[in-house]
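Student: Numbering (the numbering used here), first residue to last: 3 to 210. A virtual CB, placed ideally from N, CA and C, is assigned to each residue, including glycine. First the structure, then my questions, so here it is.
Written as structure tokens, this is what we have:
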């Protein structure tokens with residue numbers, strides 16, 4: 003597949019790039035994408051939820067009422083899970099939700115996600131650019147010129163550029179990151195993947 007390289011004005015530069023078949027025309031594995039996204043979302047969970055059981059609640063040392071003669075069920079502590087203010091039974095405890103996916107599956111998942119975007123026409127290549135200062139309007143104008151101002155866009159760069167990242171962070175539908183850090187979830191969660199030319203080369207070197 004070949005794509006025309008655009009500039010920040012939205013015009014064609016006259017240059018054409020050929021997308022690597024190994025990355026952008028791979029065999030799509032929905033299961034690999036599912037496993038990778040599942041692990042990404044699971045690893046984001048803090049797992050700090052906690053409730054107290056009856057041994058951790060203060061009080062309840064004495065028997066709340068006598069054993070017999072009240073007509074009520076016998077109770078040995080007011081902190082029993084059966085009573086108001088008592089502990090919880092089988093409540094959540096801190097745990098690690100992390101899931102591991104091997105490198106081959108993660109690579110297959112990313113290639114599958116990029117292939118899916120390429121087939122949908124969701125890959126746009128733009129020449130490398132940067133800003134001399136932090137200005138959200140500059141980034142918004144670039145997206146408007148490229149026709150991406152109304153689309154959820156993932157923009158990939160070959161290396162971190164503070165001015166570009168901070169210029170785009172206040173645009174709700176835009177996510178700017180270094181190409182190597184883009185996960186399967188980031189790719190699938192966007193409508194369009196906007197790649198700077200060097201970022202495209204970096205992705206093909208990493209996944210090809």
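So, for residue 53: in the same chain, excluding its five sequence neighbours on each side, which residues have a beta-carbon less than 7 Å away from its beta-carbon?
Tutor: 90, 93 and 94, listed in sequence order.
Student: So, helix, strand or coil for residue 204, using DSSP?
Tutor: Residue 204: helix per DSSP, three-state reduction.
Student: Keeping to the same chain, check which residues put their C-beta closer than 7 Å to that of residue 140; ignore five residues upstream and five downstream.
Tutor: Only 133 and 169 meet the Cβ criterion.
Student: Let me check understanding here. Comparing Cα to Cα, which of 191, 190 and 152 lies closest to residue 173?
Tutor: It is 152 whose Cα lies nearest to the Cα of residue 173.
Student: Between the alpha carbons of residue 113 and residue 57, how many angstroms are there, rounded?
Tutor: Looking at the two C-alpha atoms, the distance is approximately 51 Å.
Student: With residue 110 as the anchor, note down where its alpha helix (DSSP H) starts and where it stops.
Tutor: Residue 110 -> alpha helix (DSSP H) spans 105–121.
Student: Would you kindly work out how many angstroms separate the C-alpha atoms of residue 203 and residue 48, rounded to a whole number?
Tutor: Going by the C-alpha atoms only, they are around 35 Å apart.
Student: When you compare the CB positions of residue 137 and residue 193, do they come within less than 8 Å of one another, or not?
Tutor: Contact flag unset, no.
Student: Have a look at the DSSP bridge pairing and note the partners of residue 4.
Tutor: The partner list for residue 4 (beta bridge, DSSP) reads 20.
Student: Indicate the three-state DSSP secondary structure (helix, strand or coil) for residue 138 in the structure shown.
Tutor: Residue 138: helix per DSSP, three-state reduction.
Student: Leaving out the 5 sequence neighbours to the left and right, which residues in its chain are closer than 6 Å to residue 41 when beta-carbon positions are compared?
Tutor: Excluding sequence neighbours, residue 41 sits near 101 and 103.
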